[in-house]
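Protein chains: 2
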Amino acid sequence: MATNGMNQNASSAEETGTGGTPAGAAGNGRKPRLADRLRCQIEEEIATGKLPGGTRLDETGLARRFGVSRTPVREALSSLASAGLVETRPRQGAIVAGLSLSDLIQMFEVMAELEALCTRLAARRMTATERQQLERTLHDCFEAADPTRPNDYYEANLAFHEAIYAGSHNTYLAEQTRQLRNRLQPYRRTQLTGPGRIETSCREHAEIVEAIRQADAISAEGAMRRHVTIQADTFAELAARLPQRAADVDDA
Amino acid sequence: MATNGMNQNASSAEETGTGGTPAGAAGNGRKPRLADRLRCQIEEEIATGKLPGGTRLDETGLARRFGVSRTPVREALSSLASAGLVETRPRQGAIVAGLSLSDLIQMFEVMAELEALCTRLAARRMTATERQQLERTLHDCFEAADPTRPNDYYEANLAFHEAIYAGSHNTYLAEQTRQLRNRLQPYRRTQLTGPGRIETSCREHAEIVEAIRQADAISAEGAMRRHVTIQADTFAELAARLPQRAADVDDA
DNA sequence: CAAGCAGTCTTTGTATACAAACCGGGCATG
DNA sequence: CATGCCCGGTTTGTATACAAAGACTGCTTG
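Protein chains in written order, with our numbering: chain A, 1 to 252; chain B, 253 to 504.
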């Protein structure tokens, strides 16, 4: 009962390994449509940066590349357009949405607030088991705080934030936050490599958990906002240094 | 330069007559695709409640009804699914997403926070002309505060909130907020009819504007949060009274 | 030599055709 | 009488075909 209606069709991130999106456990049908598979694949390539912003996405080309007809490709592109990952002008095809620096700053600002909101709610609403789970993810973060294997920390970090999303007890908020996080992912990956960034991140996580432990919603919210904002700042700094960042490019 | 990339393809509602999101004036191409027109039309019918939650959306039926082939209908449905307005199970067609009471409460919670955030940012960032514009919309609200013509107040109210969105100087945030507002629209319309609700709303607006006038971001944020939360509360009250609200329904 | 224009060519938008999967009813059977 | 299977209808998913609208190239012309 209660038609859910707020989880998207193909909400990415299934095999997050340790974490595993706990909320999205709605067992989707086991017959994925071609269009959905394509959507995930293209989404992945955009997220990983294999398709940089501004790339022209030719329907026939993609169709040939994936060995399918244009129809599912078209639907995948349409879906991505609705999600904002690609931009389509009426008779001009689709290009992957290259975000300007201004766009990114705005999105990071919203991201910080959404995460902060999740944290505030989590501080008030988390159950005992959820708190335990959160502590575990914090522990994992410290375990994985090894600059030589940034992927491990990336995973642990993700699980930590997912635990907080779940703790907010607001699946809609969690989904929105997840979506935005996903969208910003390619721009966040870069700044994990900063010197000492991982240790700082861990300390910030610990601070957040401490505030949640004490059910101090305001402190927790503030700590999380700072945590995300710092990331955004380091990103902006990094972006400002590279002049050739997002201002590209017609095509090959 | 600066590929925008964050405005959707078909920001809904161009010729909605009364409603009409005013901000979507981004001069889109003058050749709207059939699929986009369909999307808008179906979206409109969902928003106005002409298609209640759980309605089965048959592709061939819609195609016949609009006098087009299945392809654009299919794309419109796909787009709506990505936006979360309809839900599609892989081989089972699309139904309009009926929101459970729990879903609605969660979404209203996020809505309140997003509006509050817009307001906080607006209090800090609005230019002089934007402030003037805001004052004008407030004035219009008082002008239209006539319970006999709820549509006029609906319009004025919308313009007021749009002015605040614009004042946030964060187009991404504005777009997200607008989207959620749109999504909740059918559930908000009902509670404007409450006795004295319009006057209360006006007073709350005035309070918000006063806080913005004084550049008191915190007060403004709180006032807006309360403003939206009150709406949500009256809705929840109303919904709780009607037992047969959204609690349906597996299928036919 | 530059600019405008026309023709072609690619690419998208739409329609239609075909195949596969789900839903339902009816019938046989334990 | 209940249950399970089979079969047909309906509907979605995918592929292909056709039409129109930009984009590009090359030519003509001032």
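Built from N, CA and C at the ideal position, the CB exists for glycine as well.
Notebook entry, point to check: Exposed or buried, what is D103(A) when buried is set at 16 or more other beta-carbons lying within 10 Å of its beta-carbon?
Noted result: buried
Notebook entry, point to check: When DSSP labels each residue in this structure, what does V228(A) get in the three-state scheme?
Noted result: helix
Next item on the list: Please compile the residues from chain A whose C-beta is within a distance smaller than 9 Å of the C-beta of Y417(B).
Entry: Going along chain A, no residue has its Cβ under 9 Å from Y417(B), so there is no contact; the nearest lies around 12 Å.
Margin query: Strictly by DSSP, which residues pair up with I95(A)?
Written below: R56(A), E87(A)
Note to self: The alpha helix (DSSP H) that contains R376(B), what's its start and end?
What the structure shows: 353-377
Notebook entry, point to check: Which stretch, first to last residue, makes up the alpha helix (DSSP H) that contains Q385(B)?
Noted result: 380-395
Check: Are the C-beta of T21(A) and some C-beta of chain B separated by less than 8 Å?
Finding: Any answer about T21(A) is weak, because its pLDDT of 28 lies below 50 and its placement is not dependable; what the coordinates show is given next. No, T21(A) lies away from the interface with chain B (no Cβ there is under 8 Å from its Cβ).
Margin query: Which of the three DSSP states is assigned to P150(A) in this structure?
Written below: helix
Margin query: Going by DSSP in three states, P32(A) sits in which element: helix, strand or coil?
Written below: coil
Next item on the list: May I ask you to verify whether the segment 65-79 of chain A touches the segment 310-322 of chain B, counting CB pairs closer than 8 Å and requiring at least 3?
Entry: no
Note to self: For T119(A), which residues in the same chain have their Cβ closer than 6 Å to its Cβ, ignoring the five residues on either side in sequence?
What the structure shows: I164, A220, E221, M224
Next item on the list: Compare the Cα-Cα distances from T88(A) to each of R285(B), V461(B), G336(B) and report the closest residue.
Entry: R285(B)
Notebook entry, point to check: CB-CB under 8 Å to L436(B), same chain, minus the five flanking residues each way: which ones, in chain order?
Noted result: L356, M359, F360, M363
Check: Is the shortest distance between the beta-carbon of P32(A) and the beta-carbons of chain B less than 8 Å?
Finding: yes
Note to self: Could you compute how far the alpha carbon of G446(B) sits from the alpha carbon of L353(B)?
What the structure shows: 20 Å
Notebook entry, point to check: Does Q293(B) get closer than 8 Å to chain A when you measure Cβ to Cβ?
Noted result: no
Margin query: Please classify T21(A) as buried or exposed, where buried requires at least 16 neighbouring CB atoms within 10 angstroms.
Written below: Note that T21(A) has pLDDT 28, beneath the 50 cutoff, so the model's placement of it is unreliable and no number is given.
Notebook entry, point to check: Could one say the Cβ of I52(A) lies closer than 8 Å to chain B's Cβ atoms, at least one of them?
Noted result: The amino acid at residue 52(A) is misidentified as Ile; the sequence shows Pro. Not closer than 8 Å to any Cβ of chain B, the Cβ of P52(A) fails to qualify, so no.
Margin query: Here's a check: name, in chain order, each residue in its chain whose Cβ is nearer than 6 Å to the Cβ of H227(A), leaving out the five neighbours to either side.
Written below: E204
Margin query: Residues in the same chain with beta-carbon distance under 8 Å from D485(B), minus the five sequence neighbours each way, listed in chain order, please.
Written below: none
Notebook entry, point to check: Would you call N434(B) buried or exposed, if buried means 16 or more other Cβ atoms sit within 10 Å of its Cβ?
Noted result: buried
Notebook entry, point to check: Can you tell me whether T60(A) is buried or exposed, with buried defined as 16 or more other CB within 10 angstroms of its CB?
Noted result: exposed
Notebook entry, point to check: Is it buried or exposed for E199(A), if we count other Cβ within 10 angstroms and need 16 for buried?
Noted result: exposed
Item checked: Where D140(A) falls, given that 16 or more other Cβ within 10 Å makes a residue buried -> buried
Next item on the list: For N422(B), go through chain A and note every residue whose CB falls closer than 8 Å to its CB, in chain order.
Entry: Q106, E109, V110
Next item on the list: Express the C-alpha separation of Q384(B) and L390(B) in angstroms, rounding to a whole number.
Entry: 10 Å
Check: Applying a beta-carbon distance threshold of less than 8 Å, which residues of chain A neighbour Q428(B)?
Finding: V110, Q176
Note to self: If we define contact as Cβ-Cβ less than 8 Å, is S79(A) a contact residue for chain B?
What the structure shows: yes
Check: Listed from N- to C-terminal order along the chain, which residues in the segment 366-398 of chain B have their beta-carbon within a distance smaller than 7 Å of any beta-carbon of chain A?
Finding: L369
Next item on the list: Taking all protein chains shown into account, decide if A277(B) is buried (16 or more other Cβ within 10 angstroms of its Cβ) or exposed.
Entry: Because the pLDDT of A277(B) is 28, which lies under 50, any placement of that residue in the model is unreliable, and the number read from its coordinates should be weighed accordingly. So A277(B) counts as exposed.
Margin query: Can you tell me whether N170(A) is buried or exposed? The criterion is at least 16 other CB atoms within 10 Å of its CB, across all chains shown.
Written below: buried
Check: Between the segment 197-219 of chain A and chain B, which residues of the former have a C-beta closer than 7 Å to a C-beta of the latter?
Finding: none
Notebook entry, point to check: Going along chain B in order, which residues have a C-beta closer than 7 Å to the C-beta of P82(A)?
Noted result: Reading off the sequence, residue 82(A) comes out as Ser, not Pro. Near S82(A) (Cβ distances below 7 Å), the residues of chain B are Q260, S331, S334, A335.
Checklist line | Distance, R291(B) Cα to R316(B) Cα | finding: 15 Å
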